[in-house]
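Numbering (my numbering), first residue to last: 155 to 616.
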């Protein structure tokens, strides 16, 4: 029985709301302005109506401010620089979720799955990442500064019609955080890199047939970039910072040809963001220079299947293609010349890449699930442009997770261990308009990395 059918009615009066028996929503005097003030009893208000969505808008706006504060202050660890940890259920089973997509995080993984929700739900998740990167070369050995990165997510979704579900997601789909010691051998390539994003993703999902759902969404992406390195041979620090916004879209489908077998597909478009900002040199020898840079966030498409005909198991497999070839160069156009050049161009030549995700979950008893999975994720970075700004490599990800439901709450946690294959750099990083550091200062050598990741989430069902 829904929360709107419980209790003996809840009425707005001059002194506030009168409590309803067992009706959590109507019991809050402080939150009363979120609810219908017509004086109608709670049992006349059914979930899945427009007023349900608007009641929750206040909660969501408060959470959006919290999310924006955190996302604006902390960079994220990511695969490539695409962050795929957006839901703990998916995270615990190798991020194989496109054909299951049965909680509000489906907004990120496959919004067509939102039609499986029978009530409005709000979802909060936080993901903690502890990376360890090491370099060994002729110029010595170095480690990145150890920091704990974290990114939050917020989703809200619920039915507004028997066959229509609306959702809104707030999350950070891309991120990068790398900090090397100031005097390490590669300081003329990079000492600090940070990419922050914040995405607002409203979606609508429609059940066109009992076994087929389709969905579409809009993505409004904010992005900020900070890059630091030393300038050879001046031995002064250059600092580039900028931010901008872009718009894209996503499409999803979920199909169940026979009971217990689901097929899912989800597409996210590329998003082009023009960053505007400044280039400065410390200690200053010239005034700050304004500039701009276009950064294209890549498109991706995921295909997956979920098989649950062997109770109480569900087995899942996803494959994702990401169009990283959109990142062919990092070009910064300057407002006035620097070292005789109006643009600083660093070749990247990234290639499209694939990820293969395997997962399973087991329902121990109603309300309790355990999960496990494995991911093989291919790097998009070629040998000739591999650099310590993002020392990326093919990675192996081992995942576990657990879910516990209590009344209207769902608590979930997941752990990932990300092991990068060792990679050797043997190239020269160049940028037109800037002097090239000699080979001894190109940080050529072996790079190794691993990451410990923990995700926790809580969902509430109205």
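The beta carbon of each residue, even a glycine, is placed where N, CA and C say it ideally should be.
Check, Outcome
"Between the C-alpha atoms of residue 350 and residue 309, what's the straight-line distance to the nearest angstrom?", "19 Å"
"For residue 102, report the span of its alpha helix (DSSP H) as first-last.", "Nothing about residue 102 can be reported from this structure: the residues present for the chain run from 155 to 616 only."
"Would you say residue 406 and residue 423 are within 7 Å of each other, going by their C-beta atoms?", "no"
"Do residue 291 and residue 576 have their C-beta atoms closer together than 7 Å?", "no"
"Let's see if you can read the secondary structure: which residues bound the beta strand (DSSP E) around residue 621?", "Any answer about residue 621 is impossible in this case: the structure gives the chain only from 155 up to 616."
"Give every residue of the same chain whose Cβ lies closer than 8 Å to the Cβ of residue 594, excluding the five residues on either side of it in the sequence, and list them in chain order.", "292, 293 and 339"
"Within 10 angstroms of its Cβ, does residue 483 collect 16 or more other Cβ (buried), or is it exposed?", "exposed"
"What are the complete alpha helix (DSSP H) segments, minimum 4 residues, inside the stretch 501-587?", "none"
"Quick one, which of 337, 467 and 378 has its alpha-carbon nearest residue 432's?", "378"
"Ignore the nearest five residues each way along the sequence and tell me which others in residue 396's own chain have a CB closer than 8 Å to its CB.", "378, 379, 429, 430, 431, 432, 445, 446 and 447"
"In the DSSP assignment, what residue or residues form a beta bridge with residue 614?", "276 and 563"
"Between which two residues does the beta strand (DSSP E) containing residue 470 stretch?", "467-476"
"Between which residues of its own chain and residue 585 is the CB-CB distance below 6 Å, once the five residues before and five after are set aside?", "498 and 500"
"Please name the residue, chosen from 537, 542 and 470, that lies closest to residue 514 on a Cα-to-Cα basis.", "470"
"So, for residue 480: in the same chain, excluding its five sequence neighbours on each side, which residues have a beta-carbon less than 7 Å away from its beta-carbon?", "424, 450 and 452"
"Which whole-angstrom value is the C-beta distance of residue 526 and residue 572, which I expect to be below 8 Å?", "With 8 Å as the limit, residue 526 and residue 572 do not qualify as a contact, their Cβ atoms being about 15 Å apart."
"Nearest to residue 283 by alpha carbon, out of 438, 305 and 241?", "305"
"Kindly give me the distance between the Cβ atoms of residue 344 and residue 332, rounded to whole angstroms, as I take these residues to be in contact under 8 Å.", "7 Å"
"Can you have a look at residue 334 and say buried or exposed, based on whether 16 or more other CB atoms are within 10 angstroms of its CB?", "buried"
"So for residue 267, helix, strand or coil by DSSP?", "helix"
"Given this structure, state the Cα-to-Cα distance separating residue 529 from residue 550, to the nearest angstrom.", "6 Å"
"Do you know how far the Cα of residue 522 is from the Cα of residue 557?", "6 Å"
"What does DSSP give as the partner residues of residue 376 in its beta bridges?", "352 and 399"
"If you run the structure through DSSP and keep just helix, strand and coil, what is residue 369?", "strand"
"What whole-angstrom Cβ distance do residue 277 and residue 613 have, given they're in contact under 8 Å?", "4 Å"
"Grouping DSSP H, G and I as helix and E and B as strand, with all else coil, what is residue 480?", "helix"
"Roughly how many angstroms lie between the CA atoms of residue 466 and residue 579, to the nearest whole one?", "47 Å"
"Which of the three DSSP states, helix, strand or coil, is assigned to residue 593?", "helix"
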